[in-house]
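Notes for the one structure printed next.
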Amino acid sequence: MSYEFLQQYWWFLVSLLAGLLAFLLFVQGGQSMIFSLSKTDSEKRLLVNVLGRKWEYTFTTLVTFGGAFFASFPLFYSTSFGGAYYVWMLILLCFVLQAVAYEFQSKPGNLFGKKTYQAFLFVNGLLGTVLIGAAIATFFTGSDFLVNKSNLTNLSEGFAPVISAWGSGWHGLDAALPVGNGTLLACLRNLSLGLAVFFLARTLATLFFVNRLNHAVLESRLKKTLWINAVPFVVLFLVFVIWTLLDKGYAVDKATGEVSLVQFKYFLNLIEMPVVLVLFLLGVVAVLYGVIATLFCKKFKKGIWYSGTGTVVTVLSLFLTAGYNNTAFYPSSTDLQSSLTIYNASSSPYTLTAMSWVSLLIPFVLAYIVYAWWSMEKKRTTVEDIIEDGHAY
Amino acid sequence: MEILSSLVDWSRAQFAMTAMYHWLFVPLTLGLGVIMSVMETLYVKTGNEQWKRAAKFWMTLFGINFAVGVATGLILEFEFGTNWSNYSWFVGDIFGAPLAIEGVVAFFMEATFISIMFFGWKRVSKKFHLASTWLTVIGATISSLWILVANAWMQYPAGTTFNPETVRNEMTDFWSVLFSPVAMNKFFHTVISAWVLGSIFVIGISSWFLLKKRQTDFALKSIRIGTVFGLISSIILLVTGHGSAYHVAQRQPMKLAVMEGLYHGKEKADLQAFAILNTSKTYDNTEDEFLLSIPVPIPGLLSWLGYDNCNAFVPGVSDIIKGGYQLPSGQTALSFDEKQRRGKEAIRSLSDFRQAAATGDAEAKAKAKVGLDENYDYFGYGYIDKAEDLIPNMPLVFYSFHIMVILGMYFILFFIVVGVLVYRKKFENIKWLQKLAIWTIPLAYVAGQTGWIVAEVGRYPWAIQEVLPLNAAVSKISTGSVQLTFFLFLALFSVLLVAELGILTRQIKKGPEAEVN
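Structure (structure tokens):
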């Protein structure tokens, strides 16, 4: 296997994990609705419990996404996490809140009471989705950082010999706020994706509830909820996609490694990679089909599978657009030549090969996840099921 | 330089704090996990509902504890990037792989089957449920394998080579990373220490039920399993502990010297049973090392632990700095000054190499490469200012080590005494021993924490032993930013710990009778 093939293969896997993560963020979307969707405590409990049986998948996918990114493109790990410090810390913080909230909320002696832990779930649902979305948007809009490997050989007094450095002290908050070197337009674009991810997560959560809940009152509210979330999602997503396709993108000259700004770069990527274009369109259609069929067909309960799969495929194709076809996947808007590409940021051929052998286990892992999921979800969940379960939240 | 050192200190503090909190929760997951799985196995084999109830009771405690372990673990993984940015690039080619494998192989196993373990009692068959419980625990154990492989590599970097083109270390042999003797020993020592903690936890909590005269049958059943499991584990722990000392002596002699407060090396060195350090002692003055010292009455025990030979020479802090003694390999040890000189030479050669590469000067590039290859073994020393910077915090490492060892010995005795009395059916009547069992629980946590202090503080000043010192591994962020997140996480983790203890206590008081069948 050539080095280039390995780099592309690993970018594909990272992109696939990103797609799966985007789909599984439905848990976060659901968490942001537990207060607005429920009117009684038993309704709220049902919502919390159907989500509580799935939250670990999202959490684990996030951790694995981080680990896989580290192993395959370590320069991204060191540049983005060490640079956009505040954003990543905020994201992590709200996932810490989530990790304890399910288990602790209904247990006596939990110090804060149930409401607080449910508020933690809400915070995770809101911040987790918006910030991850905005952070991913910078894959297209660029960030304010410098990479210079020669810094490591600078032994001057008091100099931290650090290879990657963020341009301003805002450490990533400049992706969402017009501070430091962040421009208002770039922030708006980043936020449009952040909010699109938020509404997508809520849309998917609604579809998940349609599929899983056996509760007449809650079910009667879901259609309206779907409208309220799907429409802003579609609008914000289109804003981000059209803006990105029409704007300049970060192109790499493969021979010299030089990065330059090219008009319509991401649009050209889709045209030049028809398979990715087809994937993107199929993904979008599947997402919309899941939503529309649920809205207009009363008995249709499988929307989550169409929209979920569509989300995986759409996000996968967006990531491929950001990294394939001689494009810098994590561009520096301050210094184009500091931009990260799948070629200059990747692990060595040896490590990528070793990791590729490990990746052969992924289908096996997916198979047991699917098997476990189905063995637990043979019928839709009622309030009584939750009460009967020894370990309900 | 002061600004840099304060950034490094705060970054270390944040990492240490996260790791220590993480290690408050993980050992119980690993240890209690095995015990509850054994109980569920007994239930499935015998059909005795009492075993089911017991398993479910311990599972409830497992779940409460598991959540905070997951939360702190997330932060730990990402802190390699957020706070140790250079590290992530310089050794990411080796270090990232175990983390990714941990995710793919272990975390999904845990996440998938824990859900069946908790919610599947009525949805899947008995045997499928039992398999899920075991798979949850096996997943947790495999995850600790991979992260400990990564940690062992930081102590003993094997299977790697430096690539000046990419300015990083690259993996050359996956198997020598995975199966390095340090990694294997570390895995068993750490996981088995968690089994000991799990056993002590079960015995302690069950003793509380005996004291309250509640659920005595359940309590005695649990104690029996805890004692057998704990005694076997603690004896293996002793063996792997010796393995750890041996590896430290071979690869990290400074750590061993500091663990034993040894400034001036000697042959036939004794192990200190109890000692008080003389804090005004430095490596280059002639004061005594200890204000008070009582060695273990086995001559040459430290030499034996470190080198499997009672007469072996154990170098002290001063010897390691001044060099000149004979290494186990037969070579003469270099002084710090010489290592530092060669480290700076390696860094300069790397700089020359990069400049030559940029200008396309092949001859200069080849020459620089020779200089780099000759001196790369000391690369990390080029970033170290002065000899004192090589010495870890001796009181912290020294006392932690001795507390850990004394507790380890105590645990063996504890399991034997409890075991014998349970076997003779006398344990349920000895109240003071039941109280002692409860108080042994915090001691098990102390042993685990002090063990990690020895391992990690003892590695100072290296992020990667002799390859990358901490001051060259850190991220470029302001000290204030790290302080902010440090206090934020400190407050959050502390509050979560208090909440967890509150919930655990209530849940324990409810007892196994509250478990629904």
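Residue numbers (the numbering used here), protein chains in the order written: chain A, 11 to 403; chain B, 1462 to 1978.
Backbone N, C-alpha and C define an ideal beta-carbon position, used for all residues, glycine too.
Values in this document were obtained by computation on a predicted structure and should not be read as measured data.
Not one beta carbon of chain B lies nearer than 8 angstroms to the beta carbon of LEU271(A). Apart from sequence neighbours up to five positions away, the residues of its chain that approach VAL1757(B) with a beta-carbon distance below 6 angstroms are LEU1732, ALA1734, ordered along the chain. By the C-beta criterion, the segment 28-46 of chain A is judged to be in contact with the segment 199-215 of chain A, since at least 3 inter-stretch pairs fall below 8 angstroms. It is roughly 41 angstroms from the alpha-carbon of LEU1962(B) to the alpha-carbon of SER1637(B). Between SER1546(B) and SER88(A), the CB-CB gap stays under 8 angstroms. Apart from sequence neighbours up to five positions away, the residues of its chain that approach LYS258(A) with a beta-carbon distance below 7 angstroms are LEU271, VAL272, GLN273, LYS275, ordered along the chain. Within the segment 82-124 of chain A, no run of beta strand (DSSP E) at least 3 residues long lies entirely inside it. In the DSSP assignment, THR337(A) forms a beta bridge with ALA261(A). The C-alpha of GLN17(A) lies about 7 angstroms from the C-alpha of LEU362(A). Interface residue (Cβ-Cβ distance to chain A less than 8 angstroms): ARG1967(B) is classified as such.
For MET386(A), the secondary structure class from DSSP, reduced to helix, strand or coil, is helix. Assigned with DSSP and collapsed to three states, ALA170(A) falls in coil, not helix or strand.
Burial check for VAL1657(B): the Cβ neighbour count within 10 Å reaches 16 or more, so the residue is buried. If you keep only unbroken alpha helix (DSSP H) runs of at least 4 residues inside the segment 1850-1900 of chain B, you get 1855-1884. The alpha-carbon separation between MET1478(B) and LEU1951(B) amounts to approximately 7 angstroms.
Cβ atoms of ILE146(A) and LEU203(A) come within 8 angstroms of each other, at about 7 angstroms.
Within the same chain, Cβ atoms closer than 7 angstroms to the Cβ of THR351(A) are found at VAL262, ALA338, PHE339, the five residues on either side in sequence being excluded.
When secondary structure is reduced to three states using DSSP, THR1793(B) falls in the strand class. Looking at the backbone, the Cα of SER25(A) and that of ALA377(A) are separated by about 20 angstroms. When rounded, the separation of the alpha-carbon atoms in LEU1868(B) and LEU1698(B) is 12 angstroms. The alpha carbon of VAL73(A) has as its nearest neighbour, out of PHE1690(B), GLU1571(B), LEU1904(B), SER1576(B), the alpha carbon of GLU1571(B). Between the segment 300-307 of chain A and the segment 43-59 of chain A, the count of Cβ pairs shorter than 8 angstroms is below three; the stretches do not touch. Beta bridge pairing from DSSP links VAL269(A) with VAL262(A). ARG1629(B) is bridged by DSSP to ASN1624(B). CA-to-CA, the gap between TRP21(A) and LEU328(A) works out to about 12 angstroms.
Put simply, the CB of SER342(A) is far from chain B, with every gap to its CB atoms at 8 angstroms or more. PHE1840(B): not part of any alpha helix (DSSP H); DSSP gives it neither H nor E. For GLY1524(B), the chain A residues whose Cβ falls inside 8 angstroms of its Cβ are GLU113, HIS401, in order along the chain. Three or more Cβ pairs closer than 8 angstroms define a contact, and the segment 1661-1673 of chain B falls short of that threshold against the segment 1620-1632 of chain B. If you look at SER1754(B), you'll find it in the beta strand (DSSP E) that goes 1751-1756. Counting only Cβ-Cβ distances below 9 angstroms, VAL375(A) has contacts in chain B at VAL1565, VAL1566, PHE1569, MET1570, THR1573, in chain order. The Cβ of THR139(A) sits no closer than 8 angstroms to any Cβ of chain B.
SER1667(B) sits buried, since 16 or more C-beta atoms from the chains shown fall within 10 Å of its C-beta.
Following the DSSP letters along the chain, one finds ILE1845(B) in no alpha helix (DSSP H), marked with neither H nor E. Non-local beta-carbon contacts of ASP345(A) in its own chain, meaning distances under 7 angstroms to residues more than five positions away in sequence, involve LEU156 in chain order. For ARG1802(B), there are no C-beta contacts with chain A under 8 angstroms, since the nearest C-beta of that chain is about 13 angstroms from it.
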